[in-house]
Amino acid sequence: MAATSKRLEVLVVGGGIGGLCLAQGLVKAGVGVRVFERDVSSEARLDRYRLHISPAGSRALRSCLPDRSWRRLLVGAGAQGGGFGFLTEQLATLVVVEDSVMYPASADPAEQAYPVDRAFLRDVLLDGLGDAVSFGRVFVGYESDGERIRACFADGRTEEGNVLVGADGVRSVVRHQFLPGVEPKSTGAAGIGWTVPLEQVAAGRLRRLAEGMNMVMAAAPFFLFTSVYRHDYSISDGDYLLCAFVTRQDTCPPALAGLEGPALRGLVAKQMTNGGWHRALIKLVCEADPATFGAFPFEAIPSASEWAPSRITLLGDAIHPMPPAGGNGANMALRDAHLLCRQLAQADGGQLRLVDAIAAYETDMRDYGFAAVRGALRNQSQGLTANGLAQAGMRGWFRLSALVPAVRRVGFGHAWADDARPRPWETVSPAAAATADRAQV
Numbered sequence: 006m007a008a009t010s011k012r013l014e015v016l017v018v019g020g021g022i023g024g025l026c027l028a029q030g031l032v033k034a035g036v037g038v039r040v041f042e043r044d045v046s047s048e049a050r051l052d053r054y055r056l057h058i059s060p061a062g063s064r065a066l067r068s069c070l071p072d073r074s075w076r077r078l079l080v081g082a083g084a085q086g087g088g089f090g091f092l093t094e095q096l097a098t099l100v101v102v103e104d105s106v107m108y109p110a111s112a113d114p115a116e117q118a119y120p121v122d123r124a125f126l127r128d129v130l131l132d133g134l135g136d137a138v139s140f141g142r143v144f145v146g147y148e149s150d151g152e153r154i155r156a157c158f159a160d161g162r163t164e165e166g167n168v169l170v171g172a173d174g175v176r177s178v179v180r181h182q183f184l185p186g187v188e189p190k191s192t193g194a195a196g197i198g199w200t201v202p203l204e205q206v207a208a209g210r211l212r213r214l215a216e217g218m219n220m221v222m223a224a225a226p227f228f229l230f231t232s233v234y235r236h237d238y239s240i241s242d243g244d245y246l247l248c249a250f251v252t253r254q255d256t257c258p259p260a261l262a263g264l265e266g267p268a269l270r271g272l273v274a275k276q277m278t279n280g281g282w283h284r285a286l287i288k289l290v291c292e293a294d295p296a297t298f299g300a301f302p303f304e305a306i307p308s309a310s311e312w313a314p315s316r317i318t319l320l321g322d323a324i325h326p327m328p329p330a331g332g333n334g335a336n337m338a339l340r341d342a343h344l345l346c347r348q349l350a351q352a353d354g355g356q357l358r359l360v361d362a363i364a365a366y367e368t369d370m371r372d373y374g375f376a377a378v379r380g381a382l383r384n385q386s387q388g389l390t391a392n393g394l395a396q397a398g399m400r401g402w403f404r405l406s407a408l409v410p411a412v413r414r415v416g417f418g419h420a421w422a423d424d425a426r427p428r429p430w431e432t433v434s435p436a437a438a439a440t441a442d443r444a445q446v
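Just so you know, we're using this note's numbering here: the sequence shown kicks off at 6 and counts up by one.
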């Protein structure tokens, strides 16, 4: 482990993916960091839901993680492949967008996309941090004299540093104090998620769902997203399909987030049945384990006015939460961690004034972060389009794209790649390093 500088002591509130990636990067750079997480342990709130790590997220992880942890991530990540399919509610495949269209091909593992189990990724990000992470620490506010920052916790204890990073999610206490009035708003939609063993969809009418990612769309105020998680292309006991039913919130009971699994399963099955969806899809819901179901409303902050830079800043869902339509939330949090680590390391080394370093981070973060939010909101709106004519138009476009590869490349070539394209400050490792990475796995 690198020697710790005495110049900076960074306090990170929140031990999620973004906060832990930042901590790993700062430790790697020799910058002092402590993370305070409200969960009582690393096993709290575990789920098996899959994350789609785009090249933007991969790049951040490669930069911030030590080599051993990066190799472990490559071994434990799922196999990428299968493309992105668009299907009708009767399971007719309209088009499958190849992986090579979604993201440019690269031999560099840090420029590739991966499906990763959320709990596994968090475990990788915790590895080696040791006492730098404190669990069971509920942050309640901060005090600052402009130079030193005192973080206050519910147990009455305080911690002091000279940088405070709010990585504490959608309900960020840091943001609430730092940027009063900047709060997430409902997007008008909600998600109900569950998982099923992959062998249940490997044959018959559901077999397309056993490949890659898919979106099942209809002229209805809801759609189904599915995504495969497996380590290779053979079906095995631990492989599963993540299902996310996205619906307009006004079609759901007011207390949706508090419903138990059987009620959520029944709600999804009812909406699919009333919408005339294929019986195989309804069966996929009805036969799923109710214990795997969970619901959550979608919220977002589409933009925020510039604020005066200081020794307090924010990353991830604490500043640009977005609906998961597009799978960019975790990737933007990782990108934030990558950039903020880079800026703080330069300030710690004396190359930049601290507040100038944070200001540069915030300027770029607002640009790409809120662009990703707006993209997610557009995706959500398109998926929830209940207008029959609009749906017919989209289906015609998808069918044309399936028939003409050039149309498919032009039509979908920027849908995923734009958000993942390297920013000017992002380091892309050379092909030689990529070969070495693979050789060590």
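Ideal Cβ positions, reconstructed from N, Cα and C, are used throughout, including at glycine.
Buried or exposed: residue i, going by 16 or more other Cβ atoms within 10 Å of its Cβ?
i	result
H57	buried
N279	exposed
W282	buried
G401	exposed
E265	exposed
Q29	buried
S308	exposed
S232	buried
D160	exposed
T432	exposed
G321	buried
N392	exposed
Taking 7 Å as the cut-off, does the CB of residue i come closer than this to any heavy atom belonging to the ligand SAH?
i	result
I306	Among the components modelled here there is no ligand, and therefore nothing to report on the ligand SAH.
Residues in the same chain with beta-carbon distance under 6 Å from residue i, minus the five sequence neighbours each way, listed in chain order, please.
i	result
S450	Because the chain in this structure spans residues 6 to 446, residue 450 falls outside the shown range and cannot be described.
V18	F41, F144, G171, D173, V179
F230	M220, A249
I22	A335, A338
S105	none
T297	W199, T200
L261	A195, A300
G141	V45
Grab me the residues of residue i's own chain with a C-beta within less than 8 Å of its C-beta, minus the 5 sequence neighbours each way, in chain order.
i	result
A376	D424
I154	L16, Y147, E148, E165, G166, N167, V168, L169, R316, I317
V129	L70, S74, R77, L78, G81
M107	G88, F89, A118, F417, A420, W421, A422
A285	L96, G209, R210, L211
V360	P314, S315, R316
M399	M222, Q387, T390
T440	Any reading at T440 must be qualified, since the residue scores a pLDDT of 37, below 50, and its modelled position is unreliable; the value itself is stated next. Excluding positions up to five away in sequence, the list reads A112.
G86	D104, E216, G217, Y238
With DSSP as the reference, identify every bridge partner of residue i, one or two as the case may be.
i	result
D122	R55
F301	G196
V17	V40, V170
Y147	A156
A249	G198, F230
S191	E304
N219	G90, T231
V138	V40
V101	G90
L319	G171
E165	R155
Rounded to the nearest angstrom, how far is the Cβ of residue i from that of residue j, given a contact under 8 Å?
i	j	result
L349	D369	With 8 Å as the limit, L349 and D369 do not qualify as a contact, their Cβ atoms being about 14 Å apart.
G83	P120	4 Å
L246	L214	6 Å
R55	Y234	4 Å
Skipping 5 residues on each side, what residues in its chain have a beta carbon closer than 7 Å to that of residue i?
i	result
V102	G88, F89, R413, F417
E367	P314, T318
V187	R180, I306, A309
C346	L27, G30, L31, A34, C69
Is the shortest distance between the beta-carbon of residue i and the beta-carbons of chain E less than 8 Å?
i	result
Y366	This model lacks chain E altogether, as it is built from one protein chain only.
Query - the segment 384–397 touching the segment 324–336, judged by at least three CB pairs closer than 8 Å - result: Between the segment 384–397 and the segment 324–336 there are three or more inter-stretch CB-CB distances shorter than 8 Å, so the stretches are counted as touching.
Query - Segment contact flag, the segment 299–311 with the segment 183–195, C-beta cutoff 8 Å, min 3 pairs - result: Yes, they touch.
Query raised in the report: Should the segment 333–344 be regarded as contacting the segment 283–295, the criterion being three or more beta carbon pairs within less than 8 Å?
Result: No contact exists between the segment 333–344 and the segment 283–295.
Query raised in the report: Does the segment 194–202 touch the segment 254–263, meaning 3 or more C-beta pairs lie closer than 8 Å?
Result: The segment 254–263 and the segment 194–202 touch, with no fewer than 3 CB-CB distances between them shorter than 8 Å.
Requested in this report: Would you be able to state if there are at least three C-beta pairs under 8 Å between the segment 123–142 and the segment 23–39?
Outcome: Because the criterion of three Cβ pairs below 8 Å is met, the segment 23–39 and the segment 123–142 touch.
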